[in-house]
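Here's the structure we're looking at; comments come further down.
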Amino acid sequence: MTFLPMAASGGEVPVVEPIAATGAFSLMWLLIALPLAGAVVLLLGGRATDRWGHLLGTATSFASFGLGVYLFVEMLGLGEEERQHGLRLFDWITAGSFTVGFDLLLDPLSILFVLLITGVGSLIHLYSIGYMAHDERRRRFFAYLNLFVAAMLMLVLAGDFLGVFLGWEGVGLASYLLIGFWQHKPSAAAAAKKAFVINRVGDMGLSLAIMLMFVTFGTSSFAGVSAVAGEASETTLTIIGLLLLLGACGKSAQVPLQAWLLDAMEGPTPVSALIHAATMVTAGVYLVVRANFIFENAPVAQTVVVVVACVTLIWGAVIGCARDDIKKVLAGSTMSQIGYMMLGAGLGVAGYAYAIFHLITHGFFKANMFLGAGSVMHGMDDEVDMRRYGALRRAMPVTFITFGLGYLAIIGFPFFSGFFSKDRIIETALLENPVAGVAALIGAGVTGFYMTRLMLMTYFTNKRWAEQAHPHESPAVMTVPLVVLATLSVVGGVLILGDWIKYWLAPVVGEAEEHSTPVPPIVFSIVITVVVAIGVALAVFLVGRRDVPREAPSDVSPLTRAARADLYGDAINEGLVVGPGRVLVESVTVTDAKVVDGLVEGTSYGIGGLSGRLRRFQNGFVRSYAAAVLLGVLLVVGALLVVTLA
Amino acid sequence: MEFSAPQIAHEVLWPAYVVFGAALLGVLAEAFLPRGRRFGGQVVIAALGIVGGLVGTVMVAMDLPSVGPDDVTAYGVTTVGDTVAVDGPTLFLWGLVLLLGLGGVGLFAERRLESGLSAFAGQAAALPGTEAERKASTEGLDHTEVYPLLLFALAGMMLFPAANDLLTLFVALEVLSLPLYLLCGLARRRRLLSQEAAMKYFLLGAFSSGFVIYGIALVYGFAGSMSYAAVAEAVRAGESGSVLMLTGLGMITVGMLFKVGAVPFHAWTPDVYQGAPTAVTAFMSAATKVAAFGATLRLFYVAFGGERWSWQPMLWIVAILTMLVGAVLAVSQQDVKRMLAYSSIAHTGFLLTGVIGLRDSVELGGAEITSLQAVLFYLVTYAFATLGSFALVSVVRDDSGEVTALSRWAGLGRRSPVVASVFALFLLSMAGIPLTAGFVGKWSVFAVAVSAGAWPVVVVALASSMIAVYFYVRVILLMYFTADPDPTKAGSTDVGVGGDAALAGASPSSGSQPERGTITVTSPTRVADEVRVETPSLATVVVIAVCAGVVLLLGIVPGPVLDLAGSVGTFIR
């Protein structure tokens, strides 16, 4: 069986050709400026803004959402040719005839993101008013949330990869600040650091990709690159594609850069919902879809995207099966679901629209479930261990029902939003690349299993509460967003009616040729639903029918143990990245301290004969520096001679 | 033997004369002005001299003749028997070092922080800890010679990038170095550390100068001339890979790399930057690097441009080592001045990455940024961020002077939001975060290096700038998000492992190891001293504000300066 995409892309890769924004569209900068202004006021305003800071933060987010809706409606009224609007705020870097503009681009793809980011973002702001009510640093929290929204909007509205990079760094910063928001917890600080470090690896990929685009195309704007992308050599495009994928893997927690996401759950729950489920972690998917003009011309890179996606969607689902921490189960699930989106994006023209579709529905139901989890934690004194939950459906009816609707959406219960979006991806995968399709199908079954397990352990089964726990429903400011998001999780599927989203995105990502499927689509749906049902049934049988122990059993199979350890993701990272990095830092430090400085109290460091000889220069500081200079002379002259004479 | 007096084009050299003349005037003023009026007099002479030099630079730049063939843009004249080249890049660098010199004068003149005294020793000749020293400080003595010294160094820095002849290069190198050696040893506080720094700098500088002069001799043996033009001619004509020439080039390079603080010639940098009075560090770290890179560029591009296939791989290695060592070692620093020193080492590596980007003009598309342009722009961004950040370091103090231990900067953001946020701006720029000057600078040097095919260097450069972001951001977090230091558990914070280099520095031990400042002396009373931000004099405030403004402005609209750096044309030959 082959892992290469079967069919070449159908039709031409669309070129990004924005028309100069006029009228309402020239206000698109306000989308970013509003939340940014909120962040600035809250950060600089200091204590004076404590009393109303959270209201301002929420208001700017809603204002941005309102503007987004208005622009969306305007755009709906325009013809397909007129939907890409470019706005150059100013010339950022000019040198002679060479210019990088500070460009914004509002097109059918970015407007969907704008709506998702500001819409879900506003609801989460609202929810946070209740969730963070007792936190003395609430104003700061809202400032960071606003900062995040602004940066994320920058990311999706940029008309140039350099602008994307700006937003990319911005969301990374906001994510870092928010993961570590409860800095008094060492685990939160450590998690923030881990996210930061792993993301740097991804960022490096993105910046190298941009650099390479400059060299190859002389520009990094979407318009410029997409116009000439086909002319570059396939090798170059493949390298650019792989580097972009590396960036995407970092931000979207895809294997092998996935390890930070589970730890990121140390942040406040609204953060997990907004940043680490609904929006920021999908930036990688956005990047791949946005750079479709690169990937369409680089089939190898596309295949790698598919491989990464398949590995991740299984990896995340397996982690979800074994975790007892409710947020970590959801985090594993997020990884897995982003794997589905990546899979869609990796399938090329046939899958881009479905990737975005799943991204949106996932944004609804995952935000819903994270906020639901937050509501549960709120009522259970911040307990996150599902082995301490049980039978909460009576105590928290609204949370239970909304969460349940999210649950039905994610497992793909017929006619819920997830049903449509996931089905489309699996179906396309089965047609385009059967290996990936089967992996996605298995993943769907596993999803059914772990989500059912989560539902059962939390809302059904026996009570396993801590003694002082008094579960109660959360205040309205928290449940209203839940209800809204639950509704969206149910009805989100309307976007696919009449293949609307496919046609909507066609100007950006191209349109696939209609394949005649060997069997009617309904067969796929039935197969998928059956696989999911098996997963659900297994969970009911294995978890629901037995008493759940309060402590996690330790006599478990090696597979479970591996899954509990996140499939040794940390160990792998430790071995491949952190370990060598530490050795590098240590050895350089040691070299500097022991060899170059020479004079060291403990001379017992055995770092080889060279240092041993150098240590004879211990009777003076300067002398050993001078020795280093001398060595340097040998290095410099030697390098010159070797290169030339060799 | 006949000598013919060289033609001297005074009309393009006069800005340098003004600075040099002001320095001589300063020496006279020191001799003849009564003590009470020396400070004011010296500051005025220095400031006027530099401003005069700046005005002159602009005036000379206005009507610089265009030279060379039509397809190469170059302006300028060579003069004094072709030993000095005043061309576009020279004037750009003159302008830059003079601006930095003006900033340096502003910082030198700071007398408010030490309650009416400058940051320089009352009487440098008085041994630390003696009666003479105590007397000098109670009488309020002040070394006003620092201003002429700064002007002499500045004059050397103007000559250095203009040197078009190996011997002139060497003379300029010494003229700029000797005053700096002296200045480094003149700190009022922590004098042993300061004197040790000066001594180290001097000895190592002398050592590396020895290599330079030997290298010059070898190259002379190869080319039969000192002038760059003749060397370039010999390089083109001679068979490639002459051992004599390559060894000579290598040795001259050592001196250049020493001045810019490239690995493995960097060892002096942290010690000297830490030990020298902060105002001197600020001036020296910014201006010396500018001048030395100017000279290096001219040396490599003009004299040895024909041999670049030989020297580029060597610079690859040096650049890679420099970036990695600088960035990696900065991570473990506990002292803000040492951290900035290692960061400046890393920046040297980034600048070298730009130097590697040299290509023939025929290879360049018209729209592309040239290597020279990228390096010049990077120098501007680096210089202002560095000058500004060292200037800021000098205002964070406690009873015993500047506080440079990073652990004690914790919580600065709460106590002094302005200082912390400006410092954060400088750090972000040095880290190369978008919308600051540093980003555009990094972007342009990396772009030229990638265009020249040096992508492995750029990969390392990106990796090290990622590491670098880590330690810059760490300081920002420390200032904003770490609680005020609690003396009882200074070691428990993320960053502030251990102690207080400020105090360790005060413990006199020759060859004291500032790196291990962490080991020692933690007297509880001292640690409990309040760390505070003191209001400096107007001059310092203006310097910091201008630096911050430049960093911010160049991040958002780098175009004009980038264009200016591009319009200077190439080096004339």
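Line by line, the protein sequences are chains A and U. The first sequence maps to residues 1 to 646 in my numbering. The second sequence maps to residues 647 to 1219 in my numbering. Quick reminder that beta carbons are idealized off the backbone N, C-alpha and C, glycines included. From a predicted model like this one, the values you see are computed outputs, not experimental measurements.
Beta-carbon neighbours of residue i, restricted to chain A and to distances below 8 Å
i: residue 910 of chain U; result: 596, 628, 629, 631, 632, 635
i: residue 853 of chain U; result: 626, 629
i: residue 969 of chain U; result: Simply none; closest approach about 12 Å.
Per DSSP, the bridge partner or partners of residue i
i: residue 1048 of chain U; result: U/1043
i: residue 86 of chain A; result: A/20, A/105
i: residue 948 of chain U; result: DSSP output for residue 948 of chain U lists no bridge partner at all.
i: residue 99 of chain A; result: A/94
i: residue 156 of chain A; result: Looking at the DSSP assignment, residue 156 of chain A forms no beta bridge with any residue, so it has no partner.
i: residue 713 of chain U; result: Answer by DSSP bridge pairing: none, since residue 713 of chain U is not bridged.
i: residue 38 of chain A; result: DSSP output for residue 38 of chain A lists no bridge partner at all.
i: residue 809 of chain U; result: U/730
i: residue 1178 of chain U; result: U/1043
i: residue 981 of chain U; result: U/1051
Separation of residue j from residue i, as counted between CA atoms
i: residue 23 of chain A; j: residue 85 of chain A; result: 11 Å
i: residue 1072 of chain U; j: residue 424 of chain A; result: 49 Å
i: residue 88 of chain A; j: residue 1204 of chain U; result: 16 Å
i: residue 650 of chain U; j: residue 725 of chain U; result: 14 Å
i: residue 868 of chain U; j: residue 1064 of chain U; result: 57 Å
i: residue 1210 of chain U; j: residue 1201 of chain U; result: 15 Å
i: residue 1103 of chain U; j: residue 436 of chain A; result: 37 Å
i: residue 396 of chain A; j: residue 155 of chain A; result: 37 Å
i: residue 29 of chain A; j: residue 1066 of chain U; result: 29 Å
i: residue 1143 of chain U; j: residue 920 of chain U; result: Residue confidence for residue 1143 of chain U is low, a pLDDT of 32 falling below 50, so the modelled location carries little weight; the figure read from the coordinates is stated next. Approximately 19 Å, taken between the alpha carbons.
i: residue 206 of chain A; j: residue 767 of chain U; result: 50 Å
i: residue 1043 of chain U; j: residue 138 of chain A; result: 32 Å
i: residue 317 of chain A; j: residue 465 of chain A; result: 27 Å
i: residue 312 of chain A; j: residue 254 of chain A; result: 6 Å
i: residue 27 of chain A; j: residue 72 of chain A; result: 13 Å
i: residue 426 of chain A; j: residue 472 of chain A; result: 39 Å
i: residue 738 of chain U; j: residue 730 of chain U; result: 15 Å
i: residue 806 of chain U; j: residue 660 of chain U; result: 16 Å
i: residue 378 of chain A; j: residue 370 of chain A; result: 12 Å
Contact set between residue i and chain U, taken where Cβ atoms lie within less than 7 Å
i: residue 169 of chain A; result: 1079, 1080
i: residue 640 of chain A; result: 892, 895, 896, 956, 957, 960
i: residue 183 of chain A; result: 1127
Contacts that residue i makes with chain A (C-beta to C-beta distance below 7 Å)
i: residue 1066 of chain U; result: Within 7 Å Cβ-Cβ: nothing; residue 1066 of chain U doesn't reach chain A, min ~12 Å.
i: residue 1204 of chain U; result: 93
Listed by chain order, chain A residues near residue i by CB distance under 9 Å
i: residue 897 of chain U; result: 633, 636, 637
i: residue 1121 of chain U; result: Correct list: empty, because the minimum Cβ distance to chain A is about 14 Å.
Chain-ordered chain U contacts of residue i [CB-CB under 8 Å]
i: residue 165 of chain A; result: 1080
i: residue 483 of chain A; result: Per Cβ cutoff of 8 Å: no residues; residue 483 of chain A is ~35 Å from chain U at best.
Residues that residue i contacts on chain U, provided the C-beta gap is smaller than 9 Å
i: residue 228 of chain A; result: Near residue 228 of chain A there are no residues of chain U at all, since even the closest Cβ is about 14 Å away, more than 9 Å.
Chain-ordered chain C contacts of residue i [CB-CB under 9 Å]
i: residue 1196 of chain U; result: In the displayed structure, chain C is absent; the protein chains listed are A and U.
Whole runs of the alpha helix (DSSP H) within the region 306 to 361 of chain A, excluding any shorter than 4 residues:
326 to 346
Taking only runs of the alpha helix (DSSP H) that begin and end inside the region 718 to 796 of chain U, which ones reach a length of at least 4 residues, in chain order?
734 to 754, 777 to 784
Got a sec: which bits of the region 1097 to 1116 of chain U sit with their beta carbon under 9 Å from any beta carbon on chain A, in order along the chain?
1097, 1101, 1104, 1105, 1108, 1109, 1111, 1112, 1113, 1115, 1116
Under 8 Å (Cβ pairs) to chain U, residues found in the region 204 to 218 of chain A:
204, 207, 208, 211, 212, 214, 215, 218
Name, going along the chain, the residues of the region 1041 to 1057 of chain U whose beta-carbon falls closer than 8 Å to a beta-carbon of chain A.
none
In the region 244 to 271 of chain A, which residue ranges form an unbroken alpha helix (DSSP H) of at least 4 residues, counting only runs that do not cross its ends?
259 to 263
Check distances from the C-beta atoms of the region 941 to 956 of chain U to those of chain A and list, in chain order, the residues that come in under 9 Å.
953, 955, 956
Runs of 4 residues minimum, wholly inside the region 491 to 553 of chain A: which ones carry the alpha helix (DSSP H) assignment?
500 to 509, 521 to 539
Fully enclosed by the region 137 to 222 of chain A, which alpha helix (DSSP H) runs are 4 residues long or longer?
138 to 157, 161 to 179, 186 to 217
Beta carbons nearer than 9 Å to chain U: which residues of the region 317 to 351 of chain A have them?
none
Short-range partners of chain U found in the region 291 to 312 of chain A, where Cβ spacing is below 8 Å:
none
Scan the region 452 to 470 of chain A for residues whose Cβ lies nearer than 7 Å to a Cβ of chain U and list them as they occur along the chain.
none
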